[in-house]
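Here the structure comes first, spelled out in structure tokens, and everything after it is commentary.
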Amino acid sequence: MLNDLLSQVDDRHQRLLALDFAEHVVERFGDRTDRDNLPHCLELLAALTEALALGKAHERLIAAWREHARLVVASGRESDDMRDVVRSAVEASSWDLLAEAGIAGSHTMRRRLSCVSVAREARRAVGRCVGGAAEDVRAARWEEARWQVGRVVETAPCPQGRDSR
21 MLNDLLSQVD DRHQRLLALD FAEHVVERFG DRTDRDNLPH CLELLAALTE ALALGKAHER
81 LIAAWREHAR LVVASGRESD DMRDVVRSAV EASSWDLLAE AGIAGSHTMR RRLSCVSVAR
141 EARRAVGRCV GGAAEDVRAA RWEEARWQVG RVVETAPCPQ GRDSR
């Protein structure tokens with residue numbers, strides 16, 4: 021269902037939804053990450069949203085991206101669910117802006133991630149954060165998928181150009 025909905029949403033809105041999907045996971049499960057990481061993840065997502073509105077990278081985004089790189093190096097490149105979800109949102113929404121600003125190499129990405137990929141990564145992260153019994157993990161991932169579908173319906177304009185509200 022989510023794939024079908026997203027296939028009808030324009031590119032700009034898919035980029036914003038990718039950021040929304042990541043932000044939702046970070047806000048729900050940010051307590052499961054390194055305490056230095058949480059404010060950074062939220063700042064990077066906010067800076068990305070602002071950059072998309074402007075259509076270009078700006079100083080706030082450049083600073084947030086550099087801090088992201090510093091944290092990745094400091095962690096020894098250990099995986100972190102919040103950082104991984106944010107990274108996938110960056111790759112889906114704004115990598116081209118970062119590459120144009122010269123702060124992310126375009127050669128490091130073969131192709132831009134899709135919003136569907138970010139949604140999937142967000143659900144995986146939710147499952148890992150919940151942990152425990154398989155039923156609990158499935159239920160948490162289902163609820164995240166339900167939220168994602170609701171977010172698309174809530175924010176995306178009607179594909180035929182008519183507002184059905």
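Under our numbering, the residues of the sequence shown are numbered 21 to 185, in order.
In this text, a Cβ means the ideal position worked out from N, Cα and C, and glycines have one as well.
These numbers were taken from a predicted model, which means no experiment stands behind them.
Query                                                                                                                                                                  : Result
Report the option in 37, 77, 169 whose CA atom is closest to the CA atom of residue 119.                                                                               : 77
Just curious, the alpha helix (DSSP H) that residue 175 is in, first and last residue?                                                                                 : 154 to 175
Would you mind stating whether residue 162 and residue 124 have Cβ atoms separated by less than 8 Å?                                                                   : no
Using 8 Å for Cβ pairs, my map puts residue 105 next to residue 42. What's the rounded Cβ distance?                                                                    : 5 Å
When the Cα atoms are used, what is the spatial distance from residue 133 to residue 54?                                                                               : 25 Å
Between which two residues does the alpha helix (DSSP H) carrying residue 149 extend?                                                                                  : 135 to 150
Kindly indicate which three-state DSSP category residue 78 falls into: helix, strand or coil?                                                                          : coil
How many Å lie between residue 140 and residue 148 at the Cα?                                                                                                          : 12 Å
State the start and end residues of the unbroken alpha helix (DSSP H) segment that holds residue 45.                                                                   : 31 to 49
According to DSSP, simplified to helix, strand and coil, what is residue 102?                                                                                          : helix
Count the other CB atoms, across all protein chains shown, that sit within 10 Å of the CB of residue 185; report buried if there are 16 or more and exposed otherwise. : With a pLDDT of 48 at residue 185, under the threshold of 50, the predicted position of this residue should be treated as unreliable, though the coordinate-derived value follows. Answer is exposed; the Cβ neighbour count stays below 16.
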